[in-house]
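Okay, so here's the structure we're looking at.
Quick look at the structure:
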């Protein structure tokens, strides 16, 4: 039975899992679970993942959720996945676990909080929250600085001084790519000071083409949609201002 | 060279690593890094863990941080660790990864946010924040409900229906034990509705004695200290009220 990957390409960890499967020639069926239509909250999807989160996989009778656990599982059970993605060497493997564990409460939390509250919320019918966005940006910037000073030292092009990417590179870079949907000047302000991070993003992209760009193409569409929403909000805000002015003149 | 474990027993993941070493007869030296004295922020400790967090280990020339990564490393490289802690079976292992990954942004985030903002902050010279504590409690309670309905089903006494504990049981139970420092009625309100969680905590304690109680004994001391601080704050609050009343009468 073919591996099923339940995903929405709008979800960063979903993208990482899809790219990983494509890169490694893993035969899989991508089952779209549309977050904007709240399909992850349906009773049908709860049978796949009771935590109601994406991505999740079903491999025969085996169900699994949490993207890092999925990437490790796929690297271990599918023949033909090159060792550099999740090395058999226990010391290298331990360091990759350390990066992935750190990711949850640092880069992921910072980036997701910032992007949702500064750009994405209106697309899901929720308001922006600049105060929470600012908190997210602080954690995001601190995380980027740590990636640069701790894991992008040395001669290797990838995290932990490696010459080829691991699942940690893929997971973290997919997270940062979420910044594609925010204003260009905001992205420049956040990523600009981290030149080694920018080079590492490019190196990871190049090492995972053509799938990286293919799977991330959704982000430019979302950006267009957000711009349209913003323009509409701008109009309606002006109308409100107009009405308020009118009121105060009455 | 002996394994060095840099830890403060006030840190939940530090306790999990220390208990794991003791239980499995791993020869180690516990190096106390006192969080209340901000020793984790010193240049010396930054050489051990540039993220300035506990726990961290040094095993010969190999340094590692993040408690889940450490537990997996110890289970893999030290002979004599029973298979149930981190099974060689890839399917069982994947499920344990899934629990541990979920833990970061759910149980850990909820419990740490709640305990810090409802009880622990004054011990580190910071104010309590009831609003943030309430948010933490919400996530904590939702996480406990999920543990019960998703992972404590079936006949096994431990997570994922297992008959013996894994590193996931140890990590998650150590997190919940942090609630020992809050008011008894608050702990009862939060844990009371989750009878299966309470039984699982007891089963995990029993499976890891005498080390579980030994390593957790610090919590009763901290609770005494917090009560004393609270009493002093109570007195000083009354004094302030007295002074305010006096002022308003002047």
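Chains as they are written, first to last, in full-length UniProt numbering: chain A, 1 to 250; chain B, 1 to 250. Just so you know, even glycine gets a beta-carbon here, dropped at the ideal spot from N, CA and C.
Exercise. What three-state label does DSSP hand residue 176/B in the structure shown?
Worked result: Residue state, collapsed to three classes: helix.
Exercise. Which residues in chain B sit within 8 Å of residue 105/A, going by Cβ to Cβ distance?
Worked result: Correct list: 104, 105, 108, 109.
For this session: Would you mind giving the Cβ-Cβ distance between residue 96/B and residue 168/B, rounded to the nearest angstrom? I have them listed as a contact below 8 Å.
Result: Indeed they touch by this definition, with Cβ atoms about 5 Å apart.
Problem set entry | Identified DSSP bridge partners for residue 223/A | Looking at the DSSP output, residue 223/A shares a beta bridge with no other residue.
For this session: Answer yes or no: does any C-beta atom of chain A fall closer than 8 Å to that of residue 72/B?
Result: Residue 72/B counts as touching chain A.
For this session: Say whether chain A places a C-beta atom closer than 8 Å to the C-beta of residue 64/B.
Result: With 8 Å as the cut-off, residue 64/B counts as an interface residue toward chain A.
Exercise. Does the distance from the C-beta atom of residue 35/A to that of residue 52/A stay below 8 Å?
Worked result: Between residue 35/A and residue 52/A, the gap from beta carbon to beta carbon reaches 8 Å or more.
Exercise. Looking only at its own chain, which residues have a Cβ that is under 8 Å from the Cβ of residue 107/A, when we skip the five neighbours before and after it?
Worked result: Result list for residue 107/A: 140, 143, 144, 147, 172, 175, 176, in chain order.
Problem set entry | Closest by C-alpha distance to residue 1/A, when choosing among 37/A, 55/A, 33/A, 59/A | The shortest C-alpha separation from residue 1/A is found at 59/A.
Exercise. If we count the other Cβ atoms within 10 Å of its Cβ and call it buried at 16 or more, is residue 49/B buried or exposed?
Worked result: With a 10 Å radius around the Cβ and a threshold of 16 neighbouring Cβ atoms, residue 49/B comes out buried.
Exercise. What are the boundary residues of the alpha helix (DSSP H) that includes residue 181/B?
Worked result: Unbroken run through residue 181/B: none, as it is neither H nor E.
Exercise. Is the Cβ of residue 12/B closer than 8 Å to any Cβ of chain A?
Worked result: With 8 Å as the cut-off, residue 12/B does not count as an interface residue toward chain A.
For this session: With 7 Å as the C-beta to C-beta threshold (strictly closer), list the residues of the UniProt domain "GST N-terminal" (1-82) of chain B near chain A in chain order.
Result: Answer in chain order: 50, 51, 62, 64, 65, 66, 68, 69, 72, 73, 76, 77.
Problem set entry | Contained alpha helix (DSSP H) runs [length at least 4] in the UniProt domain "GST C-terminal" (89-229) of chain B, N- to C-terminal order | Taking only runs of at least 4 residues, the alpha helix (DSSP H) segments lying wholly in the UniProt domain "GST C-terminal" (89-229) of chain B are 90-103, 109-115, 130-146, 167-177, 184-191, 195-207, 211-216.
For this session: Assign residue 224/A to one of two classes, buried (16 or more other C-beta atoms within 10 Å of its C-beta) or exposed (fewer than that).
Result: By the neighbour-count definition (other C-beta atoms within 10 Å, threshold 16), residue 224/A is an exposed residue.
Exercise. Residue 163/A and residue 152/A: beta carbons closer than 8 Å?
Worked result: Taking a C-beta distance under 8 Å as the contact criterion, residue 163/A and residue 152/A do not qualify as a contact pair.
Exercise. So, are the CB atoms of residue 72/A and residue 215/A less than 8 Å apart?
Worked result: Against a cut-off of 8 Å, the Cβ pair of residue 215/A and residue 72/A comes out as no contact.
For this session: Would you give the residue range spanned by the beta strand (DSSP E) that residue 6/A belongs to?
Result: Element bounds for residue 6/A: 3-7.
Exercise. Candidates 75/B, 98/B, 79/B: which alpha carbon is nearest residue 87/B's?
Worked result: The residue from 75/B, 98/B, 79/B with its alpha-carbon nearest to that of residue 87/B is 75/B.
For this session: Pull up the DSSP beta-bridge partners for residue 29/A, would you.
Result: Residue 29/A is bridged to 4/A.
Exercise. What is the DSSP secondary structure of residue 77/A, reduced to helix, strand or coil?
Worked result: Three-state DSSP puts residue 77/A in a helix.
For this session: Report the rounded CA-to-CA distance for residue 136/B versus residue 116/B, giving the unit in angstroms.
Result: Going by C-alpha positions, residue 136/B is about 9 Å away from residue 116/B.
Problem set entry | Against chain A: residues of the UniProt domain "GST C-terminal" (89-229) of chain B by CB proximity under 9 Å | Going along the UniProt domain "GST C-terminal" (89-229) of chain B in chain order, one finds 90, 91, 93, 94, 95, 96, 97, 98, 99, 100, 101, 102, 103, 104, 105, 106, 108, 109, 146, 149, 150 with a Cβ nearer than 9 Å to chain A.
Exercise. What are the start and end residues of the alpha helix (DSSP H) that includes residue 23/A?
Worked result: In this chain, the alpha helix (DSSP H) harbouring residue 23/A covers 12-23.
For this session: Let me know the secondary structure DSSP gives residue 54/B once reduced to three states.
Result: In the structure shown, residue 54/B sits in coil (DSSP, three-state: anything other than H, G, I, E or B).
Exercise. Is residue 220/A near residue 64/B, with beta carbons less than 8 Å apart?
Worked result: It is not a contact, given that the beta carbons lie outside the stated cut-off.
Exercise. In terms of residues, what are the limits of the alpha helix (DSSP H) holding residue 66/A?
Worked result: Unbroken run through residue 66/A: none, as it is neither H nor E.
For this session: Can you tell me which of 229/A, 32/A, 178/A puts its alpha carbon nearest to the alpha carbon of residue 56/A?
Result: Residue 56/A has its Cα closest to that of 32/A, out of 229/A, 32/A, 178/A.
Exercise. Near residue 211/B, what residues of its chain come up, given a Cβ to Cβ distance below 6 Å and the 5 sequence neighbours on each side ignored?
Worked result: Closer than 6 Å at the Cβ level, and outside the excluded window around residue 211/B, lie 19, 22, 23.
Exercise. What do you get for residue 8/B, buried or exposed, if any count of 16 or more other CB atoms within 10 angstroms of its CB means buried?
Worked result: Buried, because 16 or more other Cβ atoms sit within 10 Å of the Cβ of residue 8/B.
For this session: Return the CA-CA distance between residue 5/B and residue 28/B, expressed in angstroms with no decimal places.
Result: If you take the alpha carbons of residue 5/B and residue 28/B, they lie about 7 Å apart.
For this session: Identify the continuous alpha helix (DSSP H) that holds residue 87/B and give its terminal residues.
Result: Careful: residue 87/B lies outside any alpha helix (DSSP H) and carries neither H nor E.
Problem set entry | Residues bridged to residue 59/B [DSSP beta-bridge criterion] | Residue 59/B pairs with 62/B.
Exercise. Hey, how far is the Cα of residue 248/A from the Cα of residue 183/A?
Worked result: Unreliable placement is indicated for residue 248/A, whose pLDDT of 34 sits below 50; the coordinate value is still reported in the next sentence. Taking the straight line from one Cα to the other gives about 34 Å.
Exercise. In three-state DSSP terms, what is residue 38/B?
Worked result: In this structure, DSSP gives residue 38/B a state outside helix and strand, which the three-state scheme calls coil.
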